[in-house]
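Asker: Mapping of the sequence shown onto the working numbering: position 241 corresponds to residue 251, and the numbering continues sequentially without gaps.
Don't be surprised by glycine CBs; every beta carbon is placed ideally from N, CA and C.
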Amino acid sequence: MTELQERLRAAGVHSLLVQFADVHGAAKGKLVPLAHLADVLGTGAGFAGPSIWGTGLPRTGPRSEYYARGDAATALPLPWMPGVARIVGDGFVDGAPFEGCPRQVLRRAVARLAERGWTMRTGIEPEFFLLKRTEGGWAPADDADRLDKPSYDLKSLPRQAGFLHALRAALEAAGLDVLQLDHEDAHGQYEVNFAHDEALASADHLMLFKLAAHALAEAHGMVFSMMPKPFANQPGSGLHFHVSLWQGGQPVDAVAKHFIAGVLAHAPALCAIAAPTVNSYKRLTVGESLSGTTWAPASIAHGPNNRTALVRTLPGRFEWRLPDASANPYLATAALIAAGLDGVDRRLDPGEAVHDDLFVMPQAEQRARGIGLLPQSLAEALDALAADAVVRGALGETLAAEFLRLKRAEWTEYARHVGPWELDRYAAAF
Ligand code: GLU
Ligand code: MG
């Protein structure tokens, strides 16, 4: 028995949850008895490749089998599933790292940083809703959560304390350093922050957070939602990334402005990855919300501590405010790295720092100042991705092609759907 097996058995673990992320960033996996740890770390746990979104693998032959090969460093008991330890798997096909596995995509991006002696640390900040199904659709789980300006509300917080404490305890027990939990700016919306970490570990942490939050919300009779914009008249859920570059324990400041310039230059294509749903573009607009503002960026700009810009610069780091809660954290990080490195390689200039409130600056003035607007629909963002060799290159041809195919189908399905808004507006109008 290996030392890891011994340690897990001593912690009461009988099974491994071999977990990976599909192209949509949804956690997938299977249970494998702890006795078979060696197989999980060796060949990996096997899955039918075409049954996983985004692999593009064939139904037959050696390439039909997808193996999630366990990364021993990630093995941790799950407090909400007694006896089970999660282990994160890297995708392998036909004995080689699978280029279309999101975690392998991020590994490749991190390796490109390592070639320059750099590492990236990210702090990923999930915002999310706690919902319930109603006869008419969906509503915040807490009926009494109704303030017009609900940020930091301490009247709703105690009503969700059972869930929030269970979530905190679960994340802490799984090794995360939880920093804060608060009510966000929409009804039923919360945010949990945990400490920043190396880029790959942070993406793994976000997946762990999602696993825990789904399970614990359900146990508390609610639905955990990372839908970007469930309610049109209220803010949506962002997934902000706090980003810093390091070299041997020292921040890499000299290239930061070029890195940011790359992130801005590739913003339209990054949108497709960081805001990957039809619904994402209902968040990425400037407009009034019940609370006064949406706090979501629409302008391709950067500014010191400017929350109305796409990139908010802070001492020693920047906050990338584009991603929403539906983004796959591995793909978003990998795309961010590729865009930033392109800015560094081409010594791009990020343009002047914007100190003004971009939520009120007229479009004409933004245009005159060279400030671009983000894509306004998933279709527009997908066209930008298709045209951007740098961001597509980060994904690799296999995953880029599958991503574009699936997401274009999602857009077409949405565009052809006839919904209540259209019927109400047009049915009796002419
Ligand atoms: N919910 C906002 C968004 O969609 C962000 C709010 C904040 O700044 O924390 O990005
Ligand atoms: Mg927030």
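With H, G and I counted as helix, E and B as strand and the rest as coil, what does DSSP make of Tyr424?
Answerer: The three-state reading of DSSP puts Tyr424 in helix, counting H, G and I together.
Asker: Only counting the same chain, and skipping five residues up and downstream in sequence, which positions put a Cβ closer than 8 Å to that of Asp398?
Answerer: His276, Pro278 and Ala279
Asker: Rounded C-beta distance between Asp100 and Asp81? I'm assuming under 8 Å.
Answerer: For Asp100 against Asp81, the beta-carbon gap comes to about 6 Å, under 8 Å, which counts as contact.
Asker: With C-beta atoms as the reference, is Phe369 less than 8 Å away from Thr295?
Answerer: With contacts defined as CB atoms closer than 8 Å, Phe369 and Thr295 fail to qualify as a contacting pair.
Asker: Cα-Cα, which of Gly198, Ala410 and Trp90 is closest to Asp393?
Answerer: Ala410
Asker: Taking 7 Å as the cut-off, is the CB of Gly248 close to at least one heavy atom of the ligand MG?
Answerer: yes
Asker: Alpha helix (DSSP H) containing Gln373: first to last residue?
Answerer: Gln373 to Ala378
Asker: Does the stretch 127 to 134 come within contact of the stretch 211 to 222, defined as at least 3 CB pairs closer than 8 Å?
Answerer: yes
Asker: Assuming Ala311 and Arg293 are in contact, meaning their beta carbons sit under 8 Å apart, how far apart are those beta carbons, in whole angstroms?
Answerer: 18 Å between Cβ atoms; not a contact.
Asker: Starting from Gly59, follow its DSSP beta bridges and name the residues at the other end.
Answerer: Answer is none; Gly59 lacks a bridge partner.
Asker: Please classify Val428 as buried or exposed, where buried requires at least 16 other C-beta atoms within 10 Å of its C-beta.
Answerer: With fewer than 16 Cβ atoms within 10 Å of its Cβ, Val428 is classed as exposed.
Asker: Beta carbon of Leu47, beta carbon of Leu88: below 8 Å?
Answerer: Taking a C-beta distance under 8 Å as the contact criterion, Leu47 and Leu88 do not qualify as a contact pair.
Asker: Return the Cβ separation of Ser301 and Lys165 in integer angstroms, given the expectation that the two are a contact with Cβ distance under 8 Å.
Answerer: The Cβ separation is near 15 Å, so there is no contact.
Asker: Rounded to a whole number of angstroms, what is the C-alpha to C-alpha distance between Leu416 and Gly248?
Answerer: If I take the Cα positions, the gap works out to 22 Å.
Asker: Going by C-alpha to C-alpha distance, which of Pro245, Leu255, Asp155 and Tyr200 sits closest to Ala124?
Answerer: Leu255
Asker: Just checking Ala306 against the ligand GLU - is the residue's beta carbon closer than 7 Å to any of the ligand's heavy atoms?
Answerer: It does: the Cβ of Ala306 is within 7 Å (strictly closer) of some heavy atom of the ligand GLU.
Asker: Going by DSSP, what residues sit across from Leu324 in a beta bridge?
Answerer: Arg327
Asker: Using a Cβ-Cβ cut-off of 7 Å (strictly less than) and excluding sequence neighbours within five positions of Ser235, which residues of its own chain qualify?
Answerer: Phe138, Phe139 and Leu141
Asker: With distances taken Cα to Cα, identify the nearest neighbour of Glu390 among Val364, Arg418 and Val400.
Answerer: Arg418
Asker: Apply the 10 Å Cβ neighbour rule to Trp128 and answer buried if 16 or more other Cβ atoms are within range, or exposed otherwise.
Answerer: buried
Asker: Let me confirm a value: Thr323 is counted as buried when at least 16 other C-beta atoms fall within 10 Å, else exposed. Which label applies?
Answerer: buried
Asker: Can you name the residues that DSSP bridges to Leu383?
Answerer: Ser309
Asker: Among Gln376, His268, Val321 and Arg327, which has the Cα closest to the Cα of Pro333?
Answerer: Comparing Cα-Cα distances from Pro333 to each of Gln376, His268, Val321 and Arg327, the minimum goes to Val321.
Asker: Ignore the nearest five residues each way along the sequence and tell me which others in Glu228's own chain have a CB closer than 8 Å to its CB.
Answerer: Phe234
Asker: Would you kindly report the start and end of the unbroken beta strand (DSSP E) that includes Lys142?
Answerer: Thr129 to Thr144
Asker: State the DSSP-derived secondary structure class of Ser301, mapped to helix, strand or coil.
Answerer: coil
Asker: Pick from Tyr291, Gly361, Gln376 and Leu274: whose alpha carbon is nearest that of Ala329?
Answerer: The displayed chain sequence assigns Glu, not Ala, to residue 329. Taking only the C-alpha atoms, the option nearest Glu329 is Leu274.
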